[in-house]
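Trainee: Take this structure, written in C-alpha cells, and hold onto it; I'll ask about it next.
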Amino acid sequence: MDPALIAFLLSTLRLSTPLAIAALGELVAERSGVLNIGIEGMMLGGAFAAFVLGVYSDSALLGVLGGIAAGVGLAALFAAFTLWRGADPIVCGAALNLFALGATGTLYRLVFPPELGQRGAPQLGELIPGLNGFVVIAVLLALGVAVFLGRTRLGLAVRAVGERAEAAHAQGVRVLALRWGSTLMGGACAGLAGATLVLWISDTFVEGMTSGRGFIALALVLFGGYRPGRIVGGALLFGAASALQFRLQARGIEIPYSLLLMTPYLLTLVVLAVFAGRVRTPADLARPFSGRA
Amino acid sequence: MTALRLWLAPLGAIALATAVLALILLALGASPARALGALLSGAFGDSLALTNTALRMCPLLLVGLGVAVAFRCGIWNIGGEGQLYVGAIAATAVATRVAPDAPGLLLLPLVLAAGVLAGALWGGLAAALRVGRGVSEVLSTILLNFIALLLVAYAVHGPLQELSSAYPQSDAFPDAARLGLLPGLGRVHAGIALALLLVAAVWFLFFRTAAGLRLRAVGLSPEAARYAGIRPEREIVRVLFISGGLAGLAGALEVSGVTGRLFENLSAGYGFTAIAVALLARLHPLGVLPAALFFAALATGSGAMQRVAHVPSVTVQVIEALVIFFSASFALPRRAGTD
Amino acid sequence: MQVALHDVHKRFGSTLALSGAELELAAGEIHALLGENGAGKSTLVRVLYGLVRPDRGEILIDGEPISIPSPRHALAHGIGLVHQHFMLVPALTVAENLMLGDAGSARLRREDVGALLERYELDLDPELPAERLAVAQKQRLEIVRALARGVQLLVLDEPTAVLAPSEVELLLGWLARLREEGRSVVFISHKLEEISSLCDRVTVLRHGETVVMREVAGLAAEELGRFMVGEALPPPGQPPQVEPGETALRLAGLQTEGLRALELELRAGEVFALAGIDGNGQGPLEEVLAGVRPLDAGRVELLRPPLALLSGDRQHTGLVLDLPVEENLVLEEAAQGGREPVFRHGVLRRNALRERARATIERFAIQATPQLPARVLSGGSQQKLCVARALAAAAGVLVAVNPTRGLDVAGTAAVREEIRRQAQAGVAVLLISTDLDEVLELGNRIAVLFRGELRPVAPERRGRQEIGRLMLGEVQA
Numbered sequence: 070m071d072p073a074l075i076a077f078l079l080s081t082l083r084l085s086t087p088l089a090i091a092a093l094g095e096l097v098a099e100r101s102g103v104l105n106i107g108i109e110g111m112m113l114g115g116a117f118a119a120f121v122l123g124v125y126s127d128s129a130l131l132g133v134l135g136g137i138a139a140g141v142g143l144a145a146l147f148a149a150f151t152l153w154r155g156a157d158p159i160v161c162g163a164a165l166n167l168f169a170l171g172a173t174g175t176l177y178r179l180v181f182p183p184e185l186g187q188r189g190a191p192q193l194g195e196l197i198p199g200l201n202g203f204v205v206i207a208v209l210l211a212l213g214v215a216v217f218l219g220r221t222r223l224g225l226a227v228r229a230v231g232e233r234a235e236a237a238h239a240q241g242v243r244v245l246a247l248r249w250g251s252t253l254m255g256g257a258c259a260g261l262a263g264a265t266l267v268l269w270i271s272d273t274f275v276e277g278m279t280s281g282r283g284f285i286a287l288a289l290v291l292f293g294g295y296r297p298g299r300i301v302g303g304a305l306l307f308g309a310a311s312a313l314q315f316r317l318q319a320r321g322i323e324i325p326y327s328l329l330l331m332t333p334y335l336l337t338l339v340v341l342a343v344f345a346g347r348v349r350t351p352a353d354l355a356r357p358f359s360g361r362a
Numbered sequence: 163m164t165a166l167r168l169w170l171a172p173l174g175a176i177a178l179a180t181a182v183l184a185l186i187l188l189a190l191g192a193s194p195a196r197a198l199g200a201l202l203s204g205a206f207g208d209s210l211a212l213t214n215t216a217l218r219m220c221p222l223l224l225v226g227l228g229v230a231v232a233f234r235c236g237i238w239n240i241g242g243e244g245q246l247y248v249g250a251i252a253a254t255a256v257a258t259r260v261a262p263d264a265p266g267l268l269l270l271p272l273v274l275a276a277g278v279l280a281g282a283l284w285g286g287l288a289a290a291l292r293v294g295r296g297v298s299e300v301l302s303t304i305l306l307n308f309i310a311l312l313l314v315a316y317a318v319h320g321p322l323q324e325l326s327s328a329y330p331q332s333d334a335f336p337d338a339a340r341l342g343l344l345p346g347l348g349r350v351h352a353g354i355a356l357a358l359l360l361v362a363a364v365w366f367l368f369f370r371t372a373a374g375l376r377l378r379a380v381g382l383s384p385e386a387a388r389y390a391g392i393r394p395e396r397e398i399v400r401v402l403f404i405s406g407g408l409a410g411l412a413g414a415l416e417v418s419g420v421t422g423r424l425f426e427n428l429s430a431g432y433g434f435t436a437i438a439v440a441l442l443a444r445l446h447p448l449g450v451l452p453a454a455l456f457f458a459a460l461a462t463g464s465g466a467m468q469r470v471a472h473v474p475s476v477t478v479q480v481i482e483a484l485v486i487f488f489s490a491s492f493a494l495p496r497r498a499g500t501d
Numbered sequence: 332m333q334v335a336l337h338d339v340h341k342r343f344g345s346t347l348a349l350s351g352a353e354l355e356l357a358a359g360e361i362h363a364l365l366g367e368n369g370a371g372k373s374t375l376v377r378v379l380y381g382l383v384r385p386d387r388g389e390i391l392i393d394g395e396p397i398s399i400p401s402p403r404h405a406l407a408h409g410i411g412l413v414h415q416h417f418m419l420v421p422a423l424t425v426a427e428n429l430m431l432g433d434a435g436s437a438r439l440r441r442e443d444v445g446a447l448l449e450r451y452e453l454d455l456d457p458e459l460p461a462e463r464l465a466v467a468q469k470q471r472l473e474i475v476r477a478l479a480r481g482v483q484l485l486v487l488d489e490p491t492a493v494l495a496p497s498e499v500e501l502l503l504g505w506l507a508r509l510r511e512e513g514r515s516v517v518f519i520s521h522k523l524e525e526i527s528s529l530c531d532r533v534t535v536l537r538h539g540e541t542v543v544m545r546e547v548a549g550l551a552a553e554e555l556g557r558f559m560v561g562e563a564l565p566p567p568g569q570p571p572q573v574e575p576g577e578t579a580l581r582l583a584g585l586q587t588e589g590l591r592a593l594e595l596e597l598r599a600g601e602v603f604a605l606a607g608i609d610g611n612g613q614g615p616l617e618e619v620l621a622g623v624r625p626l627d628a629g630r631v632e633l634l635r636p637p638l639a640l641l642s643g644d645r646q647h648t649g650l651v652l653d654l655p656v657e658e659n660l661v662l663e664e665a666a667q668g669g670r671e672p673v674f675r676h677g678v679l680r681r682n683a684l685r686e687r688a689r690a691t692i693e694r695f696a697i698q699a700t701p702q703l704p705a706r707v708l709s710g711g712s713q714q715k716l717c718v719a720r721a722l723a724a725a726a727g728v729l730v731a732v733n734p735t736r737g738l739d740v741a742g743t744a745a746v747r748e749e750i751r752r753q754a755q756a757g758v759a760v761l762l763i764s765t766d767l768d769e770v771l772e773l774g775n776r777i778a779v780l781f782r783g784e785l786r787p788v789a790p791e792r793r794g795r796q797e798i799g800r801l802m803l804g805e806v807q808a
C-alpha cells in the first residue's frame, strides 16, 4: 500500500482516538442528564497531569493513571457545584475550562520553569501488536459503553434518569448518585483523552493544548445520535479531516496556515448545523433535579 | 430583596474565592498576604495602576453587559471573545484599508460602527444557527471564538498586515481614527464614557421598554412568552445582535483607544472574564459596573503579583473561575435549565 | 400492615399545605382521602411516599415510627404511589418501565415481564414506548408495576380524573380485587360519588387538616361535601340561557399532528364545550388557536376578533411565573410593541402599569399586589390572573382550556361564573375541558374530542354514560 496512505490512516487513527474517548465519556454523562461543557478543561487537566507524572516517573502507565485522576478530580469539582449546589451546568462548565486553563498554566510555570529546559514525556506503546494502547482502550470503551447502556440494569437506570429523573426517583432510583457517577466517568474519559495528547500524539505539554477538542467531542455526541458506534465513526471523520489538514500543510499548499487551522472548527459547525436539529437529546438533559421537596 | 441581600451573594462569592485562593497559595509555598497585597497595590497603588485598571474596565464593562443581557434571556453567549476580535478586525480594516483618509469626524464613528456591526453579525451567526438549525449557541459561539482568533492571525499575517511587513500586526491607526483621551485622566480614552452611557441605556432598554419586557419574558419562560404572542426566535436573534454588537464595540475601542493597531492576543481573555463579570453582577446591567471594576483590578494587579510575589499571573484565571463557581451557586435571576 | 400518619405539618414558601393532618389505615381496606383542590391530599401522600419532607409529624407502620426519606424507602416498606399524571419514562418501553427500579436489589428480569403482563391481563406490547400508550393503559401499567414490587399499600392520586366513565368502573373493579388479596388502597378524589360505592372508610382534609375520619356506610354525599368545604356545596350550575348570535369563529378542516379534519362553528353568546379524555387533541387545538402551532391544512377564521385564550397550563404557558403580576398583565401588549396608556412609543410607564394592575386586582379580587412575582400567588389567584389577562381586552371569542383545574370550590365557582357572564355579554366561548362535570355545567352545546376529531352530542343525549362512550370512541355519534 502507498506509504503516504498508510501514514494518513495512522495519523487519522491517532487524531481520532482522544476525540472518541472523550465523546464516549460525555455520552454516558449526557444520557444521565448531565451536560458537561467542561470536558475541554478536564482534558487539559488530564494532559498536564499525565505529562507531569510521566516525566517524573518515566512511566507512561503512571501518566495514564494521572491523567484519569486529574479528569476525575476536575469532574468532582464540577459535580460538587452543579449537583450539590444546583448551580447552572453551562456556567460551571465554562468556569471549569477557565479553572483548568489557569491551574495548568500556573502549575506548569511553577513546576517547569524555562530554566529547566524542554522535557519529553514517555510514550505509551502498543498493547496489541500493531495497535497502540490508547486505541485498544478506545475500542474497549466503545463496546463497554454500548453494552452498559443497552443491556444492563444500571444502564437502564442511567437512561431513565436522563429522560425523566423524577420518574426514576419515584421508582427508587438514586438519581444524584447516578449523575455523580456518570459525571466522574465522563471526567475520567476526558482526562484519559488528555493523556493521549501527551503520551502518544505528542510528547510535550503546551498551555491550552487541547485547542477545542473537548467541544468537538461534545459535537460528536450529537453527531452520533447518542450511539457509541456512530460517535466513533464521527471521531474517525474528524481525525481524517485533521490528518488531511496536516497533509496539506506539509505539501505546502497555498492556503494560509491560519485558515487551514480553522478546518476542524468549521467542520464541527457544519456537522452541527446538519445534525443538531435532528437529534433527540435526553429529555431531562441539563435540567436540575430537586429530589425531596 | 433588600439592598443588603442583593450584595450578599457577590461579596460572598468573592470572599469564598479569595479564601480558596489563599489556601492554594499556601499549599504552593507562596505567601497569600504578600500576593494579595501586591495585587491591590498593582491595581490601585498609583496613577499608572489606576489608569490601567480603568482601561481594562472598559472592555469588561461592554462585553460583560452583553453577556449579562444574553444570559438573562436564556442565551448562553460564550462567544464574547470572538465577537470582540471580529469587531477589532472590522475596525482595523476600516481605519487602515477602507477609509484611512476620511476626515476625523467621519472616520472615528465609521470605525466604531464597523466594530459594532461585525460583532453583531458574528453573534447573529450563532443566532441563525440556533434558530434555523437548532444548534446550541453554547457550542456555536465557542467554536466561533476559535475561528475568530484564527481570523485575526490570518488578517495580521495577510490582508491587514502593516505595509512594511516587519511584524504580524496591522498598520498604526491614523490619528483621526484614534479615540480621544479624557482630559486629566492620563491614557484613559473616551470610550469609557461611551461604555458608561451604554450601561445606562441597556438598563433602560431592559427594564423600561416593551422590547426589554419581551426579552426578559423569553428568558424566564419561552413557552409562556410564545403564548402571549412573543416570538422567542426573534428575541433570540435580537439579543445576540445586541450582545455581539457590544463585544464588537469593545474590540473596536481596544484597537482605537488602547493599542492603536491590530495584533494577535490583543484581548487578555476579556471575553471569558466577561462571563465572570456578568455572573458576579447577578446579570443586572448596573451590577456590571462594580463587577467589571473588580476584575479589571484583578487583571491589572496580577502583573504586580507575578513580579513581587512570584505567583504567575495566569492564577487570576483560577480566581475568576472560582468566583463564577461561587456566584453560580447562589440562585440567579433567571429560570433554571437551558431550553 | 397498618399505616398511620400523625400531626403532619408542611409549609411551601408562604403556603401552608398541611397543618396537623392525620391518616390511619387498616389492613385490607379501601380508604378514601377526600378534599377539595388545595386541601393537602397530594402533599400528604407525597410525605408518605418520601417525595416531600414534612416539617413536623410522624409516620408509623404497625405502630413503629419509621422514617421515609425517599421513594426507595417507601417501596421497601411496601408502599406504592400512582401519581395523577403518572411517573412513567415516556421514551422507555413498557418492559423497561416495568424493570426500572432500585438498581441494587433483585428486580424484574426481561423474561419475567411477559409473565407479569399476562398475570394482570395487561394486553400491551412490551417493546412499545410508554409515550404511545393510552391514558388508561398507562395507569394500569403503573399499578401493575407497583404490584410487581410487592406493595401492600397502594395509593392512587386522583385516578379517575383522567378516565372515561366506563374506565372508572373497570378501575374500581381492580381495586376491589386488591382488597380481596389483603392489600390496602388509598383512593384520593374530590368527587363524592365514587367514594360511596367502593370505599370502606373516608378521611376528609380541609385546609391541610383532617376534619373527619369515619366509615363510609351511612354517610350521605352532601354531608361529605359539607365536611370538604365547611358548608353546603353549591349546587352544580346551569349553562347560561342564550340566544346564539352570529358566527364568531369557524374552524374548517384543521389538520396537524393530533388533529384530524376538525370542523367547528362557534357563535356569539354561546358556550360550546368540548369534552374528552386528555390526549385526544386538546393540546394541539389549544396550540393552533394560540397561534403557536402551524397547520398542515385547514383554516381558522376569526370573525369577531380579538381572540382571548385562557391557557390550560397556567404555570408554563399561561404566566411567566418569575415576572411580577403587573408585567404579566401586559405581556400581550408588549408582544405587539405596547399600547397606550401603559406604553408610549414602546417605553413602559411605571405609573400607568401599576394603576392597571391595581384596577385589575380589585376587579377580579385577586389576592396579590402588583409587584409580587406571579410564582408566589396561590393556584386560585394565579388562575384569576390568567382570567384577568384573557379578559383584559374586550374579546369577541374566549377560548378557555381547563379553566378550573386545581382550583378549590370557591375558586372554581368564581371562574365558572365569570365564563357564564362573558357568554351572557355576547362573547363566544369555546370551553375545552377534561372535566365532564364542568362540560355539563357550562356547555350550551357539547361535543366530544376523540383522536383529534369532533363528535357532536345531541341535546337529548347529554347523559354521562353516553358521553363517556363517545369519549372512548365506542359509539359513532
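So the sequence lines, in the order shown, correspond to chains A, B and C.
The first sequence begins at 70 in my numbering and counts up one residue at a time.
The second sequence begins at 163 in my numbering and counts up one residue at a time.
The third sequence begins at 332 in my numbering and counts up one residue at a time.
Backbone N, C-alpha and C define an ideal beta-carbon position, used for all residues, glycine too.
What residues match up with L593/C in a beta bridge as DSSP calls it?
Mentor: Walking along the third sequence from the start, residue 593/C turns up at place 262. Its beta-bridge partners are L585/C.
Trainee: Do you know offhand how far Y326/A's Cα is from Q314/A's?
Mentor: To locate residue 326/A, count along the first sequence from 1; it is residue 257. To locate residue 314/A, count along the first sequence from 1; it is residue 245. Whole-angstrom Cα-Cα distance: 10 Å.
Trainee: Identify, in the order they occur along the chain, each residue of the same chain with its Cβ nearer than 8 Å to the Cβ of E617/C, setting aside the five sequence neighbours on each side.
Mentor: On the third sequence, residue 617/C is found 286 positions in, with the first residue counted as 1. Answer for E617/C: L640, S642, G643, V730, V732 and I763, listed in chain order.
Trainee: V533/C to I526/C, Cα distance in whole Å?
Mentor: For the purposes of this step, residue 533/C is identified with residue 202 of the third sequence, where counting begins at 1. For the purposes of this step, residue 526/C is identified with residue 195 of the third sequence, where counting begins at 1. Rounded to whole angstroms, V533/C to I526/C spans 8 Å at the Cα level.
Trainee: What residue range is occupied by the uninterrupted alpha helix (DSSP H) comprising M559/C?
Mentor: Counting from one through the third sequence, the residue named residue 559/C turns up at place 228. Looking at the DSSP string, the run of the alpha helix (DSSP H) that includes M559/C is A552 to V560.
Trainee: Would the stretch 144 to 154 of chain A and the stretch 452 to 463 of chain B be scored as touching if the rule is three or more Cβ pairs under 8 Å?
Mentor: Segments in contact, no.
Trainee: Do the CB positions of L313/B and V248/B come within less than 8 Å of each other?
Mentor: Counting from 1 along the second sequence, the entry for residue 313/B is found at position 151. Counting from 1 along the second sequence, the entry for residue 248/B is found at position 86. A contact, by the Cβ cut-off of 8 Å.
Trainee: If we define contact as Cβ-Cβ less than 8 Å, is V623/C a contact residue for chain B?
Mentor: As a first step, residue 623/C is located in the third sequence; it is residue number 292 there, counting from the start. Judged by the 8 Å Cβ criterion, V623/C is in contact with chain B.
Trainee: So within the stretch 370 to 442 of chain B, which uninterrupted alpha helix (DSSP H) runs reach at least 4 residues, ignoring any that extend past its ends?
Mentor: You should have 372 to 382, 384 to 389, 394 to 415 and 432 to 442.
Trainee: By Cβ distance below 7 Å, which residues in the same chain neighbour A467/C in space, the five residues on each side in sequence not counted?
Mentor: Here residue 467/C refers to the residue found at position 136 of the third sequence. Excluding positions up to five away in sequence, the list reads L494 and E498.
Trainee: Sorted by chain position, which residues of the same chain lie with C-beta nearer than 6 Å to G419/B's C-beta, five sequence neighbours on each side aside?
Mentor: Translated into positions along the second sequence, residue 419/B becomes position 257. The answer, listed in chain order, is L341, H351 and G353.
Trainee: Bridge partners of H337/C, per DSSP?
Mentor: As a first step, residue 337/C is located in the third sequence; it is residue number 6 there, counting from the start. Paired residues: E389/C.
Trainee: Could you name the residues of chain B that F674/C contacts, counting a contact when the two beta carbons are closer than 7 Å?
Mentor: For this step, residue 674/C is matched to residue 343 along the third sequence. Here the neighbours are A372.
Trainee: Please check if any C-beta of chain C sits within less than 8 Å of the C-beta of A490/B.
Mentor: Taking the second sequence and counting its residues from 1, the one referred to as residue 490/B is at position 328. Judged by the 8 Å Cβ criterion, A490/B is not in contact with chain C.
Trainee: I'd like to know if I186/B contacts chain C, where contact means its C-beta is closer than 8 Å to some C-beta of that chain.
Mentor: As a position in the second sequence, residue 186/B is number 24, starting the count at 1. With 8 Å as the cut-off, I186/B does not count as an interface residue toward chain C.
Trainee: Is there at least one Cβ from chain C nearer than 8 Å to R347/A's Cβ?
Mentor: For the purposes of this step, residue 347/A is taken as residue 278 along the first sequence, with counting starting at 1. R347/A does not count as touching chain C.
Trainee: Which residues in chain C sit within 7 Å of L225/A, going by Cβ to Cβ distance?
Mentor: On the first sequence, position 156 is the one that residue 225/A refers to. What L225/A touches in chain C: E427, M430 and L431.
Trainee: If I'm right that R228/A touches M112/A with Cβ under 8 Å, what's the distance once you round it to whole angstroms?
Mentor: Walking along the first sequence from the start, residue 228/A turns up at place 159. Walking along the first sequence from the start, residue 112/A turns up at place 43. So it is not a contact: roughly 25 Å between Cβ atoms.
Trainee: Name the chain C residues that come within less than 7 Å of G241/A, Cβ to Cβ?
Mentor: As a working note, residue 241/A is residue 172 in the first sequence. Going along chain C in sequence order, the residues near G241/A (Cβ under 7 Å) are P402, R403, L406, G432 and D433.
Trainee: Going along the stretch 383 to 394 of chain B in order, which residues come within less than 7 Å of chain C, judged by CB to CB distance?
Mentor: Cβ contacts with chain C come from S383, E385, A386, A387, R388, Y389, A390, G391 and I392.
Trainee: Beta-carbon separation of A200/B and L187/B under 8 Å?
Mentor: To locate residue 200/B, count along the second sequence from 1; it is residue 38. To locate residue 187/B, count along the second sequence from 1; it is residue 25. Cβ distance not < 8 Å, so A200/B and L187/B don't count as in contact.
Trainee: Residue range of the alpha helix (DSSP H) that H404/C falls in?
Mentor: Reading the third sequence from its first residue, position 73 is the one you call residue 404/C. Here the alpha helix (DSSP H) through H404/C covers P402 to A407.
Trainee: Rounded to the nearest angstrom, how far is the Cβ of L585/C from that of G629/C, given a contact under 8 Å?
Mentor: As a position in the third sequence, residue 585/C is number 254, starting the count at 1. As a position in the third sequence, residue 629/C is number 298, starting the count at 1. With 8 Å as the limit, L585/C and G629/C qualify as a contact, their Cβ atoms being about 4 Å apart.
Trainee: At a Cβ threshold of 8 Å, is R228/A touching chain C?
Mentor: To locate residue 228/A, count along the first sequence from 1; it is residue 159. Closer than 8 Å: yes.
Trainee: Taking Cβ positions only, does Q613/C come closer than 8 Å to chain B?
Mentor: For the purposes of this step, residue 613/C is taken as residue 282 along the third sequence, with counting starting at 1. Taking Cβ atoms only, chain B never reaches closer than 8 Å to Q613/C, which makes this a no.
Trainee: So that I know if they touch, is there some Cβ in chain C lying closer than 8 Å to that of E232/A?
Mentor: For the purposes of this step, residue 232/A is taken as the residue at position 163 of the first sequence. Yes, E232/A counts as interfacial toward chain C.
Trainee: I'd like the span of the beta strand (DSSP E) that includes H812/C, first residue to last.
Mentor: Here chain C comprises residues numbered 332 to 808, so residue 812/C is not present and cannot be evaluated.
Trainee: What three-state label does DSSP hand S128/A in the structure shown?
Mentor: Along the first sequence, one-based indexing puts residue 128/A at 59. Coil, per DSSP.
Trainee: Mapping DSSP to helix, strand and coil, what is M418/C?
Mentor: The sequence position of residue 418/C within the third sequence is 87, counting from 1. The answer is coil: DSSP assigns M418/C none of H, G, I, E or B.
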